[in-house]
Every structure is written in structure tokens, then in C-alpha cells.
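So the structure is just underneath, and the comments pick up after that.
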Amino acid sequence: MKKFTKTHEWVEVEGKNATIGITAHAAEELGDVTFVELPEEGKEVKKGEALCAVESVKSASDVYSPVSGKVIEVNTELDASPEIINEDAEGKGWIVKLELSDESELDDLLTEEEYKNSL
Numbered sequence: 052m053k054k055f056t057k058t059h060e061w062v063e064v065e066g067k068n069a070t071i072g073i074t075a076h077a078a079e080e081l082g083d084v085t086f087v088e089l090p091e092e093g094k095e096v097k098k099g100e101a102l103c104a105v106e107s108v109k110s111a112s113d114v115y116s117p118v119s120g121k122v123i124e125v126n127t128e129l130d131a132s133p134e135i136i137n138e139d140a141e142g143k144g145w146i147v148k149l150e151l152s153d154e155s156e157l158d159d160l161l162t163e164e165e166y167k168n169s170l
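In this text, residue positions in the sequence shown follow the working numbering: the first is 52, and each later residue adds one.
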């Protein structure tokens, strides 16, 4: 099940791993994504910290980590094709995978319905 943040990130958890990206709404608001500054694998992040940056024709925006953990994989396809985020923000346009350090942090996030109601 996906969970969402008020700052337009999503997280999907499988076991101890969390896949993170920006929501379709955020991708639409940004416009055409032109560059994604991916974090280094092995980087430790805390919930709420800037994880990376996404640049578009309109602006640059930080992506904040919805959970704490260690970066175990980055979506290297975004280096050559950042527009994948516009095409499939909540699927193939994922940005990073983290190894979760505190699963209880998921309890503070929004369900899809709560997220959509907050827009």
C-alpha cells in the first residue's frame, strides 16, 4: 500500500525496503522534468530531510524523505530520461529505494484518500 506526504511524496513499502517518488500531482505542477539530482547510494536520510532535487522547465524542488533510512538503490534511468517522472510518477518514475530504519514513521503518513482530500 502506498502512503503519501503533504509535501507530495509517496512511499511504498515491501518488507524493510521503501520505494519513494513524487506524486503525479507534484509532477503535473512541476511541468516537464528536465533533471533529477539523485542521492548517493549508502546515504543515510532522516524523515523530512531533503533526499534529492527535481528540476523542471518551471522550477527546482527538493524531494523530502517520507521515512528515515539508508539509500540502497537509485533509479538511474532518470539520468538519461528524467521525463519518466512526468509519464509515470507513481510507477516507473520512482526515485530511490531506502532500507527503512523505523517502520513506525509510516503511521504519520497519509492514505491515498487523505492525500487527495488535502489537495
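A virtual CB, placed ideally from N, CA and C, is assigned to each residue, including glycine.
Remember, it's a predicted structure, so these values are computed and weren't measured experimentally.
Assigned secondary structure, I123 (DSSP; H/G/I helix, E/B strand, else coil): As a position in the sequence shown, residue 123 is number 72, starting the count at 1. Strand, per DSSP.
Length of the line joining the Cα atoms of C103 and L89: Position 52 of the sequence shown, counted from the start, is the residue given in the question as residue 103. Position 38 of the sequence shown, counted from the start, is the residue given in the question as residue 89. Cα to Cα, C103 sits roughly 6 Å from L89.
Per-residue burial, T56 [other beta carbons within 10 Å of its own, 16 or more giving buried]: What you label residue 56 is simply residue 5 of the sequence shown in a count that begins at 1. Buried, by the Cβ-count rule.
I135, DSSP secondary structure in three states: The sequence position of residue 135 within the sequence shown is 84, counting from 1. In this structure, I135 counts as helix in the three-state DSSP scheme.
Proximity of V96 and S132 at Cβ, strictly below 8 Å: Position 45 of the sequence shown, counted from the first residue, corresponds to residue 96. Position 81 of the sequence shown, counted from the first residue, corresponds to residue 132. No, Cβ-Cβ distance for V96 and S132 is not below 8 Å.
Any C-beta of chain D under 8 Å from that of S155: The structure shown contains no chain D; it is built from a single protein chain.
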